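Numbering (UniProt numbering), first residue to last: 1 to 119. A virtual CB, placed ideally from N, CA and C, is assigned to each residue, including glycine. What you are looking at is a predicted structure, and each value in this text was computed from that prediction instead of being measured. Contents: one structure, followed by commentary.
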């Protein structure tokens with residue numbers, strides 16, 4: 001079973017994503033705060049979704065640390081943001097994120113990207 005780790009400060013987004021992914025048979029873990037990179041690797045996820053803008057921090061530094069330390073391209077990293085700005089998307093690409101999702105998102109949109117990265 002593939003495992004997804006979600007980091008987002010909005011409880012409603014976490015609940016929605018958990019429901020979507022569990023309904024598709026994925027194992028799901030989540031946090032509402034930015035964890036240490038070691039804590040993410042300890043969970044051994046196949047995919048990490050990181051909210052770009054959280055109180056006091058951005059998800060870029062965490063994403064970049066994950067990408068630099070991952071083994072064999074795992075875990076995949078998707079940035080998620082309520083600000084759909086080209087400059088933010090471009091920076092996500094520059095640090096090596098595997099995908100980008102804008103809030104609000106459609107269920108099929110996010111599932112399609114996750115399936116593509118995990119299959």
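**Study point:** Extent of the continuous beta strand (DSSP E) run through residue 76
**Key:** 76-81
Review point. CB residue 99 to CB residue 113, shorter than 7 Å?
Key: yes
Point to revise | For residue 5, the first and last residue of its enclosing beta strand (DSSP E) | key: 3-7
Exercise for review: Pair every Cβ in the segment 75-92 with every Cβ in the segment 52-64, then say whether three or more of these pairs are closer than 8 Å.
Suggested key: yes
Check your understanding: So, is residue 107 buried or exposed, given that buried needs 16 or more other C-beta atoms within 10 angstroms?
Key -> exposed
**Study point:** Reference residue 35; option with closest CA among 46, 8, 14, 111
**Key:** 8
Review point. In angstroms, rounded to a whole number, what distance separates the CA positions of residue 87 and residue 68?
Key: 21 Å
Check your understanding: From residue 62 to residue 1, what does the alpha carbon distance come to, in whole angstroms?
Key -> 25 Å
Point to revise | For residue 12 and residue 4, the rounded distance between their alpha carbons | key: 17 Å
Check your understanding: Looking only at DSSP bridge pairs, what is residue 58 linked to?
Key -> 53
Review point. Given a threshold of 16 other Cβ atoms within 10 Å of its Cβ, counted over all protein chains shown, does residue 59 qualify as buried or as exposed?
Key: buried
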